[in-house]
Amino acid sequence: MKTGVVDVGGGLRGIYAAGVLDYCMAENIHFDLGIGVSAGSANLTSYCAGQKGRNYIFYTDYAFRKEYMGFENFLSQRSYVDLDYVYGTLSQADGEYPVDYPAIRDNPMEFYVVATEARTGRPKYFTKADIKQDNYDIMKASSSIPFVCKPYEIDGVPYYDGALSDPVPVEKAFSLGCDRVVLLLTKPERLLRTPGKDERLAACIRHTYPAAARSLCLRAQRYNESVALARLQARQGKVLIVAPEDTFGVDTLTRDKDALDRLYHAGYADGEKIKKFL
Numbered sequence: 001m002k003t004g005v006v007d008v009g010g011g012l013r014g015i016y017a018a019g020v021l022d023y024c025m026a027e028n029i030h031f032d033l034g035i036g037v038s039a040g041s042a043n044l045t046s047y048c049a050g051q052k053g054r055n056y057i058f059y060t061d062y063a064f065r066k067e068y069m070g071f072e073n074f075l076s077q078r079s080y081v082d083l084d085y086v087y088g089t090l091s092q093a094d095g096e097y098p099v100d101y102p103a104i105r106d107n108p109m110e111f112y113v114v115a116t117e118a119r120t121g122r123p124k125y126f127t128k129a130d131i132k133q134d135n136y137d138i139m140k141a142s143s144s145i146p147f148v149c150k151p152y153e154i155d156g157v158p159y160y161d162g163a164l165s166d167p168v169p170v171e172k173a174f175s176l177g178c179d180r181v182v183l184l185l186t187k188p189e190r191l192l193r194t195p196g197k198d199e200r201l202a203a204c205i206r207h208t209y210p211a212a213a214r215s216l217c218l219r220a221q222r223y224n225e226s227v228a229l230a231r232l233q234a235r236q237g238k239v240l241i242v243a244p245e246d247t248f249g250v251d252t253l254t255r256d257k258d259a260l261d262r263l264y265h266a267g268y269a270d271g272e273k274i275k276k277f278l
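Here the working numbering is used: position 59 in the sequence shown is 59, and no number is missing along the way.
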């Protein structure tokens with residue numbers, strides 16, 4: 001039986017899924033395939049590397065640094081979050097908390113990262129083959145929220161956050177041969193996404209990247225439909241949805257250490273559901 005895990009991200013709310021995955025590492029729970037979207041790609045990078053607790057430090061320590069995110073970055077680089085600092089300065093071999101690239105390379109788990117092609121608005125599914133030592137560009141591309149970050153270019157192609165085009169890639173996991181999928185959400189399962197915020201951000205990029213703007217306007221619909229389908233598949237025993245009952249006020253860019261810590265430990269506790277499912 002082929003098992004998969006999908007982490008949809010959600011900015012700093014992603015600490016919930018980081019807690020779930022840390023529980024999986026502690027309990028030696030392994031998946032055959034993982035798909036990460038936006039912050040979910042960062043979570044699965046550490047999971048694939050076997051680096052328990054690494055993402056917790058990023059969410060509760062590094063994210064509070066002005067080099068990590070802030071208006072100074074936005075004014076100087078047109079990106080509120082400095083993805084080069086996150087995936088370069090901090091994560092490279094000589095960084096403060098390096099990614100264990102050899103462990104990722106040697107891990108048999110299939111690993112996909114979703115980004116959105118800015119010119120077409122379509123999803124791009126990068127693979128582990130696209131990751132190299134000290135080259136984590138696909139995570140930068142997957143995490144480039146429109147307006148908050150400028151699009152990230154790889155081989156001359158600009159990319160935005162993967163959530164624009166495939167916010168909940170459970171069907172992608174099944175298309176890649178999974179029999180069962182664990183879906184990690186970072187807000188309550190029954191909470192529908194509304195399009196207002198997406199439409200405002202889309203207006204900021206519509207002139208330069210109209211296809212990406214159209215995709216962004218459809219994000220809420222795609223998210224809600226995908227979660228609804230996953231709930232149906234959960235009743236069939238094919239999907240386990242792991243989601244927080246309460247986010248403790250944490251939103252995409254919320255920096256509240258106490259709330260982040262509570263959300264992490266809620267995720268860690270909820271990880272036990274996966275052991276029973278698998």
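Backbone N, C-alpha and C fix where the C-beta goes; we use that ideal spot for every residue, glycine too. A quick note: this is a predicted structure, and the numbers were derived from the prediction, not measured.
Exposed or buried, which one is Asp-161 when buried takes at least 16 other CB atoms within 10 Å?
For Asp-161, the number of other beta carbons within 10 angstroms of its own is at least 16, and it is reported as buried.
Whole beta strand (DSSP E) elements within the stretch 32 to 56, 3-residue minimum:
33 to 37
Measuring CB to CB, does Ala-39 end up less than 9 Å from Ser-144?
In this structure, Ser-144 does not lie closer than 9 Å to Ala-39 by Cβ.
The beta strand (DSSP E) that contains Glu-153, what's its start and end?
152 to 154
At what residues does the beta strand (DSSP E) containing Val-81 begin and finish?
Note, Val-81: premise wrong, no beta strand (DSSP E); not H, not E.
Is the stretch 174 to 193 touching the stretch 150 to 164 in the sense that three or more CB pairs, one from each, lie closer than 8 Å?
no
Measure the C-alpha to C-alpha separation of Arg-78 and Leu-232 and round it to an integer number of angstroms.
41 Å
Smallest Cα separation from Asp-7: which of Asn-28, Gly-36, Lys-276, Pro-151?
Gly-36
Do the CB positions of Leu-83 and Leu-253 come within less than 9 Å of each other?
no
Distance between Tyr-85 and Ile-29 (C-alpha atoms, nearest Å)
31 Å
Can you tell me where the beta strand (DSSP E) with Tyr-160 in it begins and where it stops?
157 to 161
According to DSSP, what are the bridge partners of Phe-126?
Val-113
For Gly-88, which residues from the same chain have a beta carbon less than 7 Å from its beta carbon, with the 5 sequence-adjacent residues on both sides left out?
none
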